[in-house]
Ligand code: FES
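In this note's numbering, the protein residues as written are 606 to 1116.
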């Protein structure tokens, strides 16, 4: 049977968006002696928005991605656009102040407006639609919290009112309606931005993994294999920047789970809907080639900490409790980073010159990735931006023990315990079912072992190359996930996301 081409992403599960293929780009004639104004690492929504806004202003930009457009979280988002956030307005008022809560609300609105403006300016057909957003409670405790959110949202200038219906078949106590929320198709949007970026003279290289960045004479130099790509500024649009950095203490990696479902009775929600459970569930509808799908997400947990199979099962059980499911056509998971104080870190990296970061979006990456594009492009262009202080990475306080952490982890041994297996060693792995992986003891050491459907075994050193934690097998996405800072590796040990710069050591295949 003919296999349909899909856009690749950082896992084995396929998201609803991946049938939208964003073509591969590489420029073999690239003049690597050329100095770019800005080198942008990461071709998700943050990198593309930054790139197009700078290129529009005459800056010469190059966009580098270790894989391709939308390979990371942008290809696995559920693409909700909201004027409220996972960090609630009462929390922002309490921790930062009333003015800051208002500013945060303005950022949400500006994120949606910017997407709409770029969509209109460039005629991008990305299914952008405005919808009502509904947040509802199911218990007394949640209702109390929701009333506080309603009041604080109004104080922050957000258009929010009480409503009597949550628009889904789940019993509720109280609900709040937020006007002018939106949804879109993230890969169609990225595809449109990329085309315009290229038309404006921008350069993109995919399959261009940046293994290191050095600086020389005020230039930032990205190392991609043997190539050296120099720019006056460099932007990490990769969530946390690669390597051991202060952001590993400030942002915790989480995974969220999503199903794309056909319903028997057409009971698809009109609105974008959210409950208040911990972790919360989120609902919306998207049509792909005329077929509506209920997109239902939740069951989030820290990366590498829980069992992804159980998370999908819990999500499906939850869905079947409330909906007449015809088929679950898609299931996928995606990674996001929760910031320590609730607000994202966007701007210059403390202690570095001309190097920028954008991370800690929580579950609100489409709006905050867009705002990051605006904020970072303004900083590079020398323009004022009202969010500069609120989101500044310089607000990070010094972290106790950080230099010891660096020192200890500089020496982590990544040696491989065995170069070859003897035939009898294969016996040690015979209990492992085909298509699964596990970290196993092997002659007093540990191995990350995967057995494919044909019984072929790949063994890796399970020591994460970032800072030495032990990776865990993710049976759903077929990856090795690190529980410490969200580093993820494919079955061959190649880095697919997170802060590690180097692949897991020592691929060893046994037939
Ligand atoms: Fe930090 Fe693995 S991601 S140790």
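All residues carry an ideal CB built from backbone N, CA and C; glycine is no exception.
- The C-beta distance from residue 978 to residue 855 rounds to 21 angstroms, too long to fall under 8 angstroms, and the pair is not in contact.
- Excluding sequence positions up to five before and after residue 734, its CB lies within less than 7 angstroms of the CB of 787, 788, all in the same chain and listed in chain order.
- Burial check for residue 819: the Cβ neighbour count within 10 Å stays below 16, so the residue is exposed.
- The secondary-structure analysis by DSSP pairs residue 878 across a beta bridge with 739, 888.
- Between the region 975-993 and the region 651-659 there are three or more C-beta pairs closer than 8 angstroms, enough to call the two in contact.
- Taking C-alpha positions only, residue 685 is separated from residue 969 by approximately 8 angstroms.
- When beta bridges are read from the DSSP output, residue 843 appears opposite no residue.
- Between residue 732 and the set 906, 797, 753, the nearest pair of CA atoms involves 797.
- Under the DSSP assignment, residue 710 falls in the alpha helix (DSSP H) whose first and last residues are 703-726.
- Annotation for residue 775: 927 place their beta carbon closer than 6 angstroms to its own, counting only its chain and skipping 5 residues before and after.
- Contact between the region 898-909 and the region 861-868 is present: three or more C-beta pairs spanning the two stretches fall below 8 angstroms.
- In the three-state reduction of the DSSP assignment, residue 665 falls in the coil class.
- Rounded to whole angstroms, the gap between the alpha carbons of residue 879 and residue 907 is 20 angstroms.
- Summarising the contact set, residues whose Cβ lies nearer than 5 angstroms to any heavy atom of the ligand FES are, in chain order, 1069, 1071, 1072, 1074, 1087, 1089, 1090, 1092.
- By the neighbour-count definition (other C-beta atoms within 10 Å, threshold 16), residue 664 is a buried residue.
- Per DSSP, reduced to three states, the secondary structure at residue 697 is helical.
- Judged by pairs of C-beta atoms under 8 angstroms, the region 866-886 does not touch the region 986-996, as fewer than three such pairs exist.
- The beta carbon of residue 975 is closer than 7 angstroms to those of 650, 654, 716, 719, 720 in its chain, skipping five residues each way along the sequence.
- Here the alpha carbons of residue 800 and residue 793 stand approximately 11 angstroms from one another.
- Residue pairing for residue 1074: DSSP places it in no beta bridge.
- Per DSSP, residue 747 is one residue of the alpha helix (DSSP H) stretching across 745-760.
- Residue 692 is positioned such that its CB atom lies no closer than 8 angstroms to that of residue 939.
- Ranked by Cα distance from residue 877, the first of 784, 644, 753, 1074 is 784.
- The continuous beta strand (DSSP E) containing residue 1050 extends over residues 1050-1056.
- C-alpha of residue 833 to C-alpha of residue 643: approximately 14 angstroms in a straight line.
- Distances from the alpha-carbon of residue 768 to those of 762, 1084, 778, 759 put 778 closest.
- Residue burial annotation: residue 958 is exposed, with fewer than 16 other C-beta atoms found within 10 angstroms of its C-beta.
- Using a Cβ distance threshold of 8 angstroms, residue 727 and residue 840 do not count as a contacting pair.
- With 16 or more other Cβ atoms inside 10 Å of its own Cβ, residue 849 counts as buried.
- Boundaries of the alpha helix (DSSP H) harbouring residue 982: 970-986, taken from the DSSP string.
- Looking at the DSSP output, residue 867 bridges to 932.
- Distance from the CA of residue 620 to the CA of residue 972, rounded to the nearest whole angstrom, comes to 20 angstroms.
- Residue 1041 and residue 666 have their C-alpha atoms spaced approximately 42 angstroms apart.
- Minimum Cα-Cα distance from residue 1074 among the listed residues 723, 610, 910 corresponds to 910.
- Residue pairing of residue 783 in beta bridges, as defined by DSSP: 738, 765.
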